[in-house]
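K.L.:
First, the structure itself, so that you have it in front of you.
4 protein chains.
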Amino acid sequence: MTSSDTLRVAVIGTGKMGADHVRRIQGIVSGARVSAVVDVDAERAKAVAARVDGCTAYTDPVTAMTADDVDAVLIASSGPAHEAALLAALDRDLPVLCEKPLTPDAASALRVLEAERKLGHRRVQVGFMRRYDPEYVRLKALLNTGQLGRPLMLHNRHRNAASPPFFTSEMLISDSVAHETDVTRWLLGQEITAVTVLRPRPSVNAPDGLQDPQFVVFETDGGAVADVEIFVNCGFGYQVQAEVVCERGTARIGDGHAMVTNMAGRWGGTIAQDFTDRFADAYDRELQAWADATRRGEVTGPSVWDGYAAAAVCEAGVRALTDGGRVEVELVERPGLYA
Amino acid sequence: MTSSDTLRVAVIGTGKMGADHVRRIQGIVSGARVSAVVDVDAERAKAVAARVDGCTAYTDPVTAMTADDVDAVLIASSGPAHEAALLAALDRDLPVLCEKPLTPDAASALRVLEAERKLGHRRVQVGFMRRYDPEYVRLKALLNTGQLGRPLMLHNRHRNAASPPFFTSEMLISDSVAHETDVTRWLLGQEITAVTVLRPRPSVNAPDGLQDPQFVVFETDGGAVADVEIFVNCGFGYQVQAEVVCERGTARIGDGHAMVTNMAGRWGGTIAQDFTDRFADAYDRELQAWADATRRGEVTGPSVWDGYAAAAVCEAGVRALTDGGRVEVELVERPGLYA
Amino acid sequence: MTSSDTLRVAVIGTGKMGADHVRRIQGIVSGARVSAVVDVDAERAKAVAARVDGCTAYTDPVTAMTADDVDAVLIASSGPAHEAALLAALDRDLPVLCEKPLTPDAASALRVLEAERKLGHRRVQVGFMRRYDPEYVRLKALLNTGQLGRPLMLHNRHRNAASPPFFTSEMLISDSVAHETDVTRWLLGQEITAVTVLRPRPSVNAPDGLQDPQFVVFETDGGAVADVEIFVNCGFGYQVQAEVVCERGTARIGDGHAMVTNMAGRWGGTIAQDFTDRFADAYDRELQAWADATRRGEVTGPSVWDGYAAAAVCEAGVRALTDGGRVEVELVERPGLYA
Amino acid sequence: MTSSDTLRVAVIGTGKMGADHVRRIQGIVSGARVSAVVDVDAERAKAVAARVDGCTAYTDPVTAMTADDVDAVLIASSGPAHEAALLAALDRDLPVLCEKPLTPDAASALRVLEAERKLGHRRVQVGFMRRYDPEYVRLKALLNTGQLGRPLMLHNRHRNAASPPFFTSEMLISDSVAHETDVTRWLLGQEITAVTVLRPRPSVNAPDGLQDPQFVVFETDGGAVADVEIFVNCGFGYQVQAEVVCERGTARIGDGHAMVTNMAGRWGGTIAQDFTDRFADAYDRELQAWADATRRGEVTGPSVWDGYAAAAVCEAGVRALTDGGRVEVELVERPGLYA
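Chains B, L, X and Z, in that order, are what the protein sequence lines are.
Reminder that position 110 of the first sequence reads as 110 in the numbering used here, one-by-one numbering, no gaps.
Reminder that position 158 of the second sequence reads as 497 in the numbering used here, one-by-one numbering, no gaps.
Reminder that position 202 of the third sequence reads as 880 in the numbering used here, one-by-one numbering, no gaps.
Reminder that position 66 of the fourth sequence reads as 1083 in the numbering used here, one-by-one numbering, no gaps.
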């Protein structure tokens, strides 16, 4: 395709996240439209397709990928279904935006890595959308200027008002801290080499048996230390903050001071209540950037390597949570494709 | 047209603002494309058109408006050229987004008002883009909830790092405070009835003879008082702030606390250096909202009445600046079309 | 006395403010003690004196001033009683700290000015305690460095949760804005030459008939413009803010960001509920500075001239409130004693 | 003594800290004066004494403690000299304010603990002055209300512009983190049971061989986790921050937003450059509170137990720094005197 053509996207998975991406591609992203939706629930797929002009509903991802009017694939199905869809897309050399996690574990991520390596060029972008959040982008840009010197430490806060019923103690690492895994690697430009997880007394507001909050400490191959407070039943809202401490100064994002009110004895502002509110812009920009790059024949976002490394760190983190102590992260050698 | 069709826009004026809108419609706005560009400078029009697929260059606005592939018009030419273009578009019943000011004075704005009134339905949206800025939108939404009670006062700050060479003392009112004129009317939902302008000693950094800063006080028909500090050679950046004081509390926007650094003995953040930086999002959202509404056959943004009222207030403001004292604003009766 | 002696103070007036000053001198100020208290209510004076070692109760200020163990006088009686006490103290050449206002009007202030001028040296300090507030002190110090260039505008906010029952529309000027009168003169180092008062629609929470809020505009002999929002029934707390706009930058105090909480969907902090909370430090420092200077035989704080000028500006302000329009301030020539 | 008498204090040690306390007692604290100063350097002691009325210079602490005009002792000599002075004061049953550290190690602190226990009542207060800082006081008061629920985590930042030449890697723990040791114990009301120290790559601005920064993690007997970033060559200033994360919300102090400027493309404020600036108020209030309580015959501040526990935690911290891994803290049983 040439960059003047509209990108025709097959969206795989029409749950909450997939349906939101359909809305985003149709109403917000310039130069792209949804030509196919896929869901094992045929009725749900049809219902979504019916609201979009020129959109066909499928139940099988591979069939959708062979349709004439599909140029690219957005994977928003459940994590365990990602690997098959990714391999099928790579088999057809189709550009992919795959929601995080790339796959649920490092071994399966490695198989996707191997498939793309064999293909010989990058086709897959992983949905670490924080790299498109305007605040994180400014922070990264400031670090890149070198004004602050080299980063030594990174403090992260990741708070949710409440966790969904199915959430487990391990998911605080593999689902939530997964974002800070990528943020740490991306902001610092370093790989994570060891993980330690501390277990504060659980909050009285956490569901019975859930280890919430947790305090995670990363060490990196560049000698930096990053910490993550993950607290998914903090009660007061959704809040994501990061402070990078460098040799000559620090920079902090996430305080969210857009509007300040004085009322009833207090000054301050509101806290976002969920990630779709806090990161709405990031998702919009992620999809626009992906569509733009794809139309130019490029992949510019987080790679399969990034998805694999995050999976490997999260696996080590879950072991550290379970066994206690410090767990080292083992990565395969980085292929030249991701240099 | 139906809402599934892509909106084909003729952009009139390809100076800095017009060219920026072309880029925005092509690269950011979903569901719209530029099919025509118009400029009295034929070479400039051709150069812009050459970078856009399926875009024709014109030197005459009316010719462009009669083209088959033009569904709507965006006017970004110089202020004095607006009236003719607006009347031509209304003559052809074409939807219009017209950059501010609607026209340079209240009398010409009234002629446009009359033309649209005769047409019998609204077609024109005026480019008061602050109504699409996320911070102003949140402020307006908060006021609409009634939590703070009724607004009593509004404090505005409007600061530019430096004014362009052609800027006159009158333009601080007619060009800069014009924004606060609309912001005041929109946030309070009231008309401005009188203007007073105070003239502090000019800054040593203002060009010789320029009355900069100025301090403007508005009174409204709802009994509110609004003040505007306009300072177009403040030196340190572009800064727009507003605080609404209501019966039970206040709300302030524009502090811009996105990223906070500690460095060299100071904490804080950077200040935007011009309006394209501060209001980039507002322009994106304005054009997306206009394209969406236009495809649905609606006009939802600031009206010709808003453009006329702003012009009338600015005329009174310029008189107050020149003559001193308090100048009353006279408006014609508001036509039912704008009720 | 020599600076090693403890300063023995007669406190005139043992109402809320006077009793608070007694507590302050006894428990907080170094190098001073209360040796006499005076109140027309003999029982109240005795009750206060009984709590302080070596303190005598009086009903007549002049008798107290002649006691052997009185080195200095603190006047905290009602405003109309100030003149007689001030003249008696000047007659005995005693150092005085006089709570604001110096006297209730410009004419009586002039009589005190004349008495001190005849005495030939300064003895009286007026209780404009904001000059001792750490934030105002930092603001003044920054202005003095010249880093920001010359001041052009000053924006003040002065908000009280609720006004006492006896408060009148005129008292918003003469009692509340009196502070900003002094702040403006002191920060800018300029005299106020004209006052305009705008009258927004009163808040539904203001007592019937009270013009609250008001918006006051000062012009100065240095060409600066200062505005004051005075709102004594804002409901949410006690809040005092000031922003000075200079040729190369601005500085703002009063945001009060000491502790930030996240709770129940909001971030932010508490707002002080009254002036004794917000300005507790300022009163402590004011009295310590007065005691220190007095023991050295000096007067370093706001002078009788400052008290007189504030009274003259407030009188003009009350006229502007009543009559509308812009009212000029007339001051007598400044005596050399206050150069 | 009765509370109406002035407290006569012997200040032991007239180095920078001791001389500052002399100035504070003489000029700021109400109800106290310096009657004796002690220094092994006789000339230095004499020079300080000469500036204070009625003050005698000594070279031997014990001799000073036996003087008729000494009611209480302030120990500001070097750490290794504390034990002897403390034991001598306890021997004479004199009230003591002892600068931190109580003594350089846990064993010597235990000996002081034992001496006070035998005496049978508390006489010693340790100089953990942060407990008197207005921001920490507000934070503690908020925690005490229970509004935020129980504390789960505490994040501390402790940054110095540059370290003195004699500073060692161990002193980052024993001298700097010593403060957070007390802050953690005091704010949470829990004992620290284990310490882990992470060692980021040292900053290029740290002196050769100094492990700076460090990242310290405390675990407590109440199940909380506290972390401390200690960075003594951060370059940009002196900055102390704390955020307590509780079951229903968080509270943060130390952002220091007193005055905000806009200048040269940046908004923000200045950062204190050393602890005497940041904690000037805390020292003033600490000494006033100590003088007030002592005159009432009470000890209300941090106890010998607090000094001992801090020493024990710091010893464990130094071991954790040296040996790596997690080191448990062993405390003796808490005597009833400190219940």
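A virtual CB, placed ideally from N, CA and C, is assigned to each residue, including glycine.
(1) Compute the Euclidean distance between the alpha carbons of Z/G1282 and L/D430, then round it to the nearest angstrom.
(2) Buried or exposed: L/T421, going by 16 or more other Cβ atoms within 10 Å of its Cβ?
(3) Mind checking the segment 718 to 741 of chain X against chain Z and listing, in chain order, the residues whose C-beta falls within less than 7 Å of any C-beta there?
(4) In the structure shown, what three-state DSSP assignment does X/Q825 receive?
(5) Alpha carbon to alpha carbon, how far is Z/L1169 from Z/V1214? Give it in angstroms, no decimals.
(6) To the nearest angstrom, how far is the alpha carbon of L/M340 from that of L/W644?
(7) In chain Z, what lies closer than 8 Å to L/L603 by C-beta?
(8) Rounded to the nearest angstrom, what separates B/A72 and Z/G1163 at their Cα positions?
(9) Assign X/E1006 to one of two classes, buried (16 or more other C-beta atoms within 10 Å of its C-beta) or exposed (fewer than that).
(10) Considering only DSSP beta bridges, list what Z/I1092 is partnered with.
(11) Name the DSSP bridge partner or partners of Z/V1051?
(12) At 3 residues or longer, what runs of the beta strand (DSSP E) sit wholly inside the segment 786 to 858 of chain X?
(13) Report the rounded CA-to-CA distance for L/V350 versus L/I414, giving the unit in angstroms.
(14) What number of angstroms, rounded off, separates the C-alpha of X/V712 from the C-alpha of X/A727?
(15) Buried or exposed: B/S78, going by 16 or more other Cβ atoms within 10 Å of its Cβ?
(16) What's the call for X/F893, buried or exposed, on a 16-neighbour Cβ count within 10 Å?
(17) Could you list which residues in chain B have their beta carbon closer than 9 Å to that of L/G366, in chain order?
(18) Z/T1201 to X/E921, Cα distance in whole Å?
(19) Quick one: list the residues of chain L neighbouring B/T250, beta-carbon separation under 7 Å, in chain order.
(20) Shorter than 7 Å from the beta carbon of Z/I1190 to some beta carbon of chain A?
(21) Does the segment 863 to 882 of chain X come into contact with the segment 949 to 967 of chain X, if we say contact requires no fewer than three beta-carbon pairs (one atom in each stretch) closer than 8 Å?
(22) Output needed for X/A971: all residues of its chain with C-beta closer than 6 Å, excluding positions within five of it in sequence on either side, in chain order.
(23) Along the chain, where does the alpha helix (DSSP H) containing L/Q627 start, and where does it finish?
(24) So, are the CB atoms of L/Y647 and L/M468 less than 7 Å apart?
(25) I need the straight-line Cα distance from X/D717 to X/M695, nearest angstrom please.
(26) Counting C-beta neighbours from all protein chains within 10 Å, is the total for B/K118 16 or more, i.e. buried, or is it exposed?
(27) Only counting the same chain, and skipping five residues up and downstream in sequence, which positions put a Cβ closer than 7 Å to that of Z/S1191?
(28) Please indicate yes or no: does the CB of Z/V1257 lie closer than 6 Å to some heavy atom of the ligand FAD?
(29) Answer yes or no: does any C-beta atom of chain B fall closer than 7 Å to that of Z/P1118?
(30) Since X/T871 is in the beta strand (DSSP E), which residue starts that stretch and which ends it?
(31) Along the segment 815 to 849 of chain X, what residues have a CB closer than 9 Å to any CB found in chain Z?
(32) Rounded to whole angstroms, what is the Cα-Cα separation between L/A655 and L/V564?
(33) On the premise that X/P739 lies in contact with X/A710, defined as a C-beta separation below 8 Å, what is that separation, rounded to the nearest angstrom?
(34) Looking at the structure shown, is Z/T1317 part of a helix, part of a strand, or coil, going by DSSP?
(35) Verify the CB distance criterion: does Z/T1287 have a CB-CB separation below 7 Å to chain L?
(36) Can you find a C-beta in chain X that's less than 7 Å from the C-beta of L/S515?
P.N.:
In short, the structure shows the following:
(1) 47 Å
(2) Correcting the residue identity first, residue 421 of chain L is His in this sequence and not Thr. It is buried - the Cβ of L/H421 has at least 16 other Cβ atoms within 10 Å.
(3) D731
(4) When DSSP states are grouped into helix, strand and coil, X/Q825 belongs to the coil group.
(5) 20 Å
(6) Note that L/M340 scores a pLDDT of 46, beneath 50, so its modelled location is shaky and nothing firm can be said.
(7) Reading the sequence as shown, one finds Ala at residue 603 of chain L and not Leu. Going along chain Z in sequence order, the residues near L/A603 (Cβ under 8 Å) are G1252, F1253.
(8) 54 Å
(9) exposed
(10) Z/I1029, Z/C1115
(11) Z/V1051 is bridged to Z/V1026.
(12) You should have 802 to 805, 829 to 837.
(13) 6 Å
(14) 9 Å
(15) exposed
(16) buried
(17) S30, G31, Q288, D292
(18) For the pair Z/T1201 and X/E921, the Cα-to-Cα distance works out to about 37 Å.
(19) T600, N601
(20) Absent from the structure is chain A; the protein chains it does hold are B, L, X and Z.
(21) no
(22) Taken in chain order, the residues that qualify are T978.
(23) Annotation: the continuous alpha helix (DSSP H) that includes L/Q627 extends over 619 to 634.
(24) no
(25) 12 Å
(26) exposed
(27) C1331, V1335
(28) Looking at this structure, you won't find the ligand FAD or any other ligand, since it has none at all.
(29) no
(30) Where X/T871 is concerned, the enclosing beta strand (DSSP E) stretches over 870 to 876.
(31) If you check each beta-carbon in the segment 815 to 849 of chain X against every beta-carbon of chain Z, the ones closer than 9 Å belong to R816, L817, L820, Q825, L826.
(32) Roughly 16 Å separates the two Cα atoms.
(33) X/P739 and X/A710 do not touch by the CB rule: their CB atoms are close to 19 Å apart, not below 8 Å.
(34) Under the three-state reduction of DSSP, Z/T1317 is assigned to coil, being neither helix nor strand.
(35) yes
(36) Residue-level contact check: L/S515 does not touch chain X, since none of the beta carbons of chain X fall below 7 Å from its beta carbon.
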